[in-house]
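Number of protein chains: 2
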Amino acid sequence: MQIILLSGGSGTRLWPLSNDARSKQFLRLLPVEGSDGLESMVQRVIRQIQEADLKASVTVATSVTQQDFILAQLGTEVSIVTEPSRRDTFPAICLASEYLSKEKGYGENEIVVVMPCDPYTESGYFRTIAEMDKTVGKNVAELVLMGIRPTYPSSKYGYIIPGQPLGENTFAVHCFTEKPDAVTAEKFIEDGAFWNGGVFAFRLGYLTTIAERYVNYPTFEEIREHYGDFPKISFDYEVAEKAKSVAVVPFYGEWKDLGTWNTLTDELARCSYGNVTTDGTGENTHVINELDLPVMCIGTKNLVVAASPDGILVTEKSRSEEIKSFANRLKRRPMYEERRWGTYRVIDFVEYPDGFSTLTKRLILNPGASISYQEHACRDEVWTFIDGEGEIVLDGERKRVNRGMTVYIPKGMRHALRAVTPLSFIEIQTGSNLVETDITRYPFEWI
Amino acid sequence: MQIILLSGGSGTRLWPLSNDARSKQFLRLLPVEGSDGLESMVQRVIRQIQEADLKASVTVATSVTQQDFILAQLGTEVSIVTEPSRRDTFPAICLASEYLSKEKGYGENEIVVVMPCDPYTESGYFRTIAEMDKTVGKNVAELVLMGIRPTYPSSKYGYIIPGQPLGENTFAVHCFTEKPDAVTAEKFIEDGAFWNGGVFAFRLGYLTTIAERYVNYPTFEEIREHYGDFPKISFDYEVAEKAKSVAVVPFYGEWKDLGTWNTLTDELARCSYGNVTTDGTGENTHVINELDLPVMCIGTKNLVVAASPDGILVTEKSRSEEIKSFANRLKRRPMYEERRWGTYRVIDFVEYPDGFSTLTKRLILNPGASISYQEHACRDEVWTFIDGEGEIVLDGERKRVNRGMTVYIPKGMRHALRAVTPLSFIEIQTGSNLVETDITRYPFEWI
Chain S
4 MQIILLSGGS GTRLWPLSND ARSKQFLRLL PVEGSDGLES MVQRVIRQIQ
54 EADLKASVTV ATSVTQQDFI LAQLGTEVSI VTEPSRRDTF PAICLASEYL
104 SKEKGYGENE IVVVMPCDPY TESGYFRTIA EMDKTVGKNV AELVLMGIRP
154 TYPSSKYGYI IPGQPLGENT FAVHCFTEKP DAVTAEKFIE DGAFWNGGVF
204 AFRLGYLTTI AERYVNYPTF EEIREHYGDF PKISFDYEVA EKAKSVAVVP
254 FYGEWKDLGT WNTLTDELAR CSYGNVTTDG TGENTHVINE LDLPVMCIGT
304 KNLVVAASPD GILVTEKSRS EEIKSFANRL KRRPMYEERR WGTYRVIDFV
354 EYPDGFSTLT KRLILNPGAS ISYQEHACRD EVWTFIDGEG EIVLDGERKR
404 VNRGMTVYIP KGMRHALRAV TPLSFIEIQT GSNLVETDIT RYPFEWI
Chain Z
4 MQIILLSGGS GTRLWPLSND ARSKQFLRLL PVEGSDGLES MVQRVIRQIQ
54 EADLKASVTV ATSVTQQDFI LAQLGTEVSI VTEPSRRDTF PAICLASEYL
104 SKEKGYGENE IVVVMPCDPY TESGYFRTIA EMDKTVGKNV AELVLMGIRP
154 TYPSSKYGYI IPGQPLGENT FAVHCFTEKP DAVTAEKFIE DGAFWNGGVF
204 AFRLGYLTTI AERYVNYPTF EEIREHYGDF PKISFDYEVA EKAKSVAVVP
254 FYGEWKDLGT WNTLTDELAR CSYGNVTTDG TGENTHVINE LDLPVMCIGT
304 KNLVVAASPD GILVTEKSRS EEIKSFANRL KRRPMYEERR WGTYRVIDFV
354 EYPDGFSTLT KRLILNPGAS ISYQEHACRD EVWTFIDGEG EIVLDGERKR
404 VNRGMTVYIP KGMRHALRAV TPLSFIEIQT GSNLVETDIT RYPFEWI
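These protein sequence lines are chains S and Z, in that order. Quick note, this note's numbering runs 3 ahead of the 1-based positions in the first sequence. Quick note, this note's numbering runs 3 ahead of the 1-based positions in the second sequence.
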């Protein structure tokens, strides 16, 4: 079985911890059963897949901006397919399917299960995925969906109306309805409808046939180059609603969307994370502090307080769904990111009226990791090394770096860096156009 | 008339805006009547003294740590006397009195009024000071106090129990009682007692005679050198309670101690300061943000949210008196200071287990201001200039600095800096002992 894990989302509903690069599935806040550690939603779902012994290979379909988070959190055990631009679920699933077919060489009968990376659920969910795999294997239908048992008449989800039984715990799908009003939803639930949890199973050839109606090239690379030719449409509309035979396998266990502070904090193991002081009189308050600054909460009730390099949030819990629209107005560059080579946080940013600006970051490079040989056209950089050991290359000249050393890298100077031990440094960028895309990379061999 | 303004306090009750260097009287949050500007408590009291036309010279008695704040906020219109160490109000008033006598040459009949720098009050308070001046001038008593009309039976203040009238709006003082319980306070108030607001008037010779019982030298400089010989005792205990004749002049107007977030926010002109976003549904919430990070408040009620480089506070308003004990546990170096040459804020601070640490500051030097010619024994510094124009001296070599320039200053290198226009730069300190006292100053003439 192949699992395509969809990892998308722009992530302002959990602002300031989530940002354009760090969607909610990357927040390391969830307790790991039987351990003191914390894991993110995407780490949790991969762990659950492994524990369910599904014998599946996982391919993550994601955007370029999330690629480094996936590598930092999941390592190289999963394959990654990046969309060149953000479109919708149908193009994303087509691209990943073409990757499995043309790049990995799986045959048209290979069974594929597509699932989101962020449901908060339990082991029964993964046993249901195994049942869906069997249902496709028995050719009961060309498309098999998971039906989630609704817990309230939500207007947020799509509903699956089941028809006649097709076997043990399997039904034909009578029809779909997207986001009904609460009264209609109530009626659907009485009639036995399910939520559509976005889990789909099919044979690989079924989907590549559909995909190739839009984009048909002999290699995966060519298909990826023409990604913009896929229509911007969801998988539900383009595939599920048009399928000739659709079956649903119900799942009756716990399933939650931890998409708002209110729902997420219900699942946290602790009330505070990071440098937090409280007076002990607070009630139903969660404080998550990713800054070095201390946070103090006195006598607070029903609040979420969250602080990160992107900003500081204080919200009444029941109103936390509303932060999205306000957070969108605050859009700034992401101030914290996990990269394949390590992490960085922005500690200072000043923009002057004439366009000159300065950005100060503290970076940590993982042992053995390196930053590619590169130059910038519009900015100077000053690196001051504060911990660890490493090697730097400046216009071809290579030398050791360690604590207290400072290196000035003017525009046009080629530079690369490699960590021997965890290497911390402060980078000050100055210039008129401080963007990540001001970068020209060159080959370099560390030997 | 001479006014001695007492400026002390360590300032954790308004944490995180107040810190060891920035006491509450330096927070620029109070509205200026008839203007959009904001002023601090100490700026407000100086403005009120000027507006009351008291024809008084002001001498601020303060600690060395507050001297730069006084200079930054009041300029050179006031004299400043700094205590070499913190003792109590009696030694502080003695030192300022000896300064007026021995350094400024005022005679023993000069009338002196001592007052705190942080009452929030109105013009009648300053008219009462003029009355106290007249009362001393008429030799009604050797010590004259202001009596504040109590508004509730507080256990926080000292009470003055008046005796027989000594003239228009003047009474003999029958006795003093420090911080009675609420029941006793209630009884005092019924009997016409006043709060002791810490305003005292006397002739200069009266106090220098008392002072010289403890420390008697011909020059002010020698007296200051022997400051430690003064007993650590309050003016109330050492002078007021022992005086042969004491009078009180009542003041019946508005008088408040804005010492907690709850009382301070009552007087603010706006509900938010700095980069703050709210959803408009909050009630009775004040947000003061001195960070560059955005603060977002959604649906908050009865809260104070305050953010500064020292930390982030979220407190239920009525409990804000309790922050002091928690803030004392969080003691860190001050992360924001106003200095005579400008301001700085700490943007990053990392301490490693082996004692090595790194401190990153953003500084702004005022035009014409300079940093003295100095060297450090235990730290290297890297300065990256990000705005403005100035001049630097490095081991005697002088050159211009401007945007984008970086200067490396190793241990033992002498350096000075002067701003031509407002000069912003980022300083990274690295070393094993990053303290302000690691500094050796040398003479340098900018010509």
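Beta carbons are placed, not taken as given, at the ideal position from N, Cα and C, and that holds for glycine.
- When DSSP states are grouped into helix, strand and coil, S/L306 belongs to the strand group.
- Membership of S/F233 in any beta strand (DSSP E) is not indicated, and neither H nor E is assigned to it by DSSP.
- Assignment of Z/R50 by DSSP, reduced to helix, strand and coil, places it in the helix class.
- Within the same chain, I301 come within 6 Å of Z/D282 by CB-CB distance, once the 5 residues on both sides are set aside.
- Three or more Cβ pairs drawn from the stretch 147-161 of chain S and the stretch 195-209 of chain S lie within less than 8 Å of each other, which places the two stretches in contact.
- The Cβ neighbour count for Z/V438, taken over all protein chains shown within 10 Å, is under 16; the residue is labelled exposed.
- It is roughly 57 Å from the alpha-carbon of S/G277 to the alpha-carbon of Z/R206.
- Contact of S/D383 with chain Z is assigned, a C-beta pair being separated by under 8 Å.
- Chain-ordered listing is empty here: chain S has no CB closer than 9 Å to the CB of Z/A380, the nearest sitting near 14 Å.
- Taking 8 Å as the cut-off, the Cβ atoms of Z/V317 and Z/L306 count as close.
- Neighbours of Z/S323 in chain S, taken as residues whose beta carbon is under 9 Å from its own, are I301, G302 in chain order.
- If you draw a straight line from the Cα of Z/A75 to the Cα of Z/R130, it is about 28 Å long.
- Within a 10 Å sphere around the beta-carbon of S/N22 sit 16 or more other beta-carbons, which makes this residue buried.
- Excluding five sequence positions before and after Z/L30, the CB atoms of its chain that fall closer than 7 Å to its own CB belong to L17, L20, S21, S43, given in chain order.
- Put simply, the CB of Z/P221 is far from chain S, with every gap to its CB atoms at 8 Å or more.
- Shown here for Z/K364: same chain residues with a beta carbon closer than 6 Å to its own, the five before and five after excluded, namely Y347, V349, E430 in chain order.
- Sixteen is the threshold: since fewer than 16 other Cβ atoms of the shown chains lie within 10 Å of the Cβ of Z/R403, the residue is exposed.
- Nearest to Z/S10 by C-alpha distance, out of Z/R89, Z/T263, Z/N331, Z/A59, is Z/R89.
- Residues of the stretch 354-378 of chain Z whose Cβ lies closer than 8 Å to any Cβ of chain S, in chain order: Y355, F359, T361, T363, R365.
- Here the stretch 353-368 of chain Z makes contact with the stretch 382-396 of chain S; the two share three or more CB pairs at distances below 8 Å.
- Selection S/G399, S/A272, S/V423 evaluated against S/I412 yields S/G399 as nearest (Cα-Cα).
- The three-state reading of DSSP puts Z/F72 in helix, counting H, G and I together.
- If you look at S/G200, you'll find it in the beta strand (DSSP E) that goes 197-206.
- Look at the stretch 411-444 of chain Z: the residues with a C-beta under 7 Å from a C-beta of chain S are Y411, I429, I431, T433.
- Residue-level contact by beta carbon fails for S/I52 and chain Z, as no gap is shorter than 8 Å.
- For Z/P337, the secondary structure class from DSSP, reduced to helix, strand or coil, is coil.
- Under a criterion of Cβ atoms nearer than 8 Å, no residue of chain Z is adjacent to S/I213; the nearest Cβ is some 43 Å distant.
- Counting the other Cβ atoms within 10 Å of the Cβ of Z/D313 gives 16 or more, which makes it buried.
- Exclusion of the five residues before and after S/G200 leaves P122, M149, I151, W258 as the residues of its chain whose Cβ lies within less than 7 Å of its Cβ.
- Using beta-carbon distances, S/I395 does not count as an interface residue toward chain Z, since no partner is under 8 Å.
- The distance from the Cβ of S/S328 to that of S/N265 is about 16 Å, inconsistent with a contact at the 8 Å cut-off.
- Inter-segment contact for the stretch 59-71 of chain Z and the stretch 171-180 of chain Z is absent: fewer than three beta-carbon pairs are separated by less than 8 Å.
- Under the DSSP definition of a beta bridge, Z/P34 partners with Z/L41.
- S/D269 does not reach chain Z, its nearest Cβ partner there being about 18 Å away, counting only Cβ pairs nearer than 8 Å.
- Along the stretch 307-333 of chain S, going in chain order, the ones with a CB nearer than 8 Å to a CB of chain Z are V308, A310, P312, D313, G314, I315, L316, V317, T318, E319, S321, R322, S323, E325, I326, F329, A330, R332, L333.
- Residue pairing by DSSP leaves Z/K327 without any beta bridge partner.
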